[in-house]
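Per my numbering, the sequence shown starts with residue -6, numbered consecutively.
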Amino acid sequence: MDDLIIIIVMGSSAHTGTRIWRWRCTGSWTPHPRRRRRWPAGSCSLPRSASPLPPLHTVSDSSSNSNPKPCPPTEPSLNRIHNPVAPLPQGDDERYETGCRLQGTAAGQCSTRRATMAMRSAARLARELRDVVQSTRATDSHDHDRIYLFPVDTDDLTRWRAFLPGPPGTPYEGVFFELALTATSTYPVEPPKIKFVTPIFHPNINYKTGEICLDILKAEWSPVWTLLSACRAISAMLSNPEADSPLNCDAGNLIRHNDMRGYNSLARMYAIDRGMKSPTIPDTFKR
């Protein structure tokens, strides 16, 4: 008479995940009279000390998740936002065209408005470029915590690159991570698009796509933020992972179940394997 293990999978949800219980059964297997399955003739029991395994999934697609967890706040002291804003379904030009049609604005006036926004965005980015250059000259060349930020092409200030040092005291310490920043024609009214180019193991960062879940890059963005200050907020997020708003389910599960040793080990392993020791920086932006 052999012991048999039965695994039962309960339904999953966006936040509780898939629940799995194991039962240990004793007895022999006998065929069911009306089904082709085989059922145990013995008894099955779940020990009182047993507990369900950790959830396998913490995030589902939008079709099954009508109220997703919001992205974590920029600072741990801020309260969580409970009403996440859905991503805009249209691009910049389409949104302006739609607004013009709803307001009855002539096409020529709408084009002028777009051009004005683009000019303001270009002027703002040019000012940020000057500030970055001045900050570079005033920064100590031995400052290992410095964030390197520069445009991919000085003739096109809509695309930027950043190298983020791993914060001290974290599994990411000692290596750099590359970020790609894109400012649309509506910047700084709307946030820039920022993603990790270097894969990183963190609950609020998608390992494959580099997408970042941070409130200032979504609903809490304000024109007072700059590209550099946004990078600093991302650096602070590396030191304060939020497991309740995960884009990386594995990292979020480890933290939620207080397995910080496992989380730190995996994060460190990926940081050493994927991170950069000395990034390539243009001469203008390094001292």
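Positions of the beta carbon are idealized from the N, C-alpha and C atoms, including for glycine.
Length of the line joining the Cα atoms of residue i and residue j
| i | j | result |
| --- | --- | --- |
| residue 143 | residue 188 | 15 Å |
| residue 161 | residue 167 | 8 Å |
| residue 120 | residue 212 | 24 Å |
| residue 138 | residue 110 | 35 Å |
| residue 127 | residue 279 | 11 Å |
| residue 64 | residue 244 | 15 Å |
| residue 191 | residue 106 | 37 Å |
| residue 122 | residue 198 | 27 Å |
| residue 113 | residue 258 | 46 Å |
| residue 271 | residue 172 | 15 Å |
| residue 283 | residue 255 | The question about residue 283 has no answer, for the chain in this structure spans -6 to 280. |
| residue 79 | residue 222 | Annotation note: pLDDT 34 at residue 79 (below 50); position unreliable, no value reported. |
| residue 227 | residue 148 | 26 Å |
| residue 264 | residue 115 | 35 Å |
| residue 177 | residue 224 | 17 Å |
| residue 131 | residue 145 | 22 Å |
| residue 246 | residue 201 | 18 Å |
| residue 262 | residue 108 | 47 Å |
| residue 95 | residue 118 | Note on residue 95: pLDDT 46, under 50, position unreliable in the model; no value is reported. |
| residue 159 | residue 267 | 12 Å |
| residue 165 | residue 124 | 27 Å |
| residue 57 | residue 239 | Low per-residue confidence applies at residue 57: pLDDT is 38, beneath 50, and the placement is therefore not dependable enough to give any value. |
| residue 82 | residue 210 | In this predicted model, residue 82 has a pLDDT of only 38, less than 50, meaning its place in the structure is not dependable; the value taken from the coordinates is given anyway. Between residue 82 and residue 210, the C-alpha separation is close to 16 Å. |
| residue 16 | residue 260 | Low confidence applies to residue 16: its pLDDT is 44, below 50, so where it sits in the model is not reliable, and the reading given next is rough at best. Rounded to the nearest angstrom, the two C-alpha atoms are 34 Å apart. |
| residue 273 | residue 196 | 27 Å |
| residue 277 | residue 163 | 30 Å |
| residue 59 | residue 129 | Because residue 59 carries a pLDDT of 43, less than 50, the predicted location of this residue cannot be relied on, and the following value inherits that uncertainty. Each residue's Cα considered, the two are about 45 Å apart. |
For residue i, the residue or residues it bridges with in DSSP
| i | result |
| --- | --- |
| residue 269 | 169 |
| residue 143 | 154 |
| residue 149 | 146 |
| residue 281 | In the structure as shown, the chain begins at -6 and stops at 280. Residue 281 is therefore absent and cannot be evaluated. |
| residue 187 | 174 |
Closest Cα partner of residue i within the set the options
| i | options | result |
| --- | --- | --- |
| residue 275 | 158, 265, 202 and 141 | 141 |
| residue 214 | 180, 229, 157 and 269 | 180 |
| residue 281 | 165, 231, 194 and 210 | The requested residue 281 is not part of the displayed model; the chain covers only -6 to 280. |
| residue 157 | 240, 230, 266 and 277 | 230 |
| residue 269 | 129, 169 and 163 | 169 |
Assess, as a yes-or-no matter, whether the stretch 174 to 192 is touched by the stretch 214 to 229 under the definition of 3 or more beta carbon pairs within less than 8 Å. yes
Any chance the stretch 226 to 235 sits against the stretch 195 to 213, with 3 or more Cβ pairs inside 8 Å? yes
Between the stretch 144 to 156 and the stretch 249 to 264, can you find at least three pairs of beta-carbon atoms closer than 8 Å? no
Please specify which runs of the alpha helix (DSSP H), each continuous and at least 4 residues long, are wholly inside the stretch 191 to 248, giving them in chain order. 220 to 232
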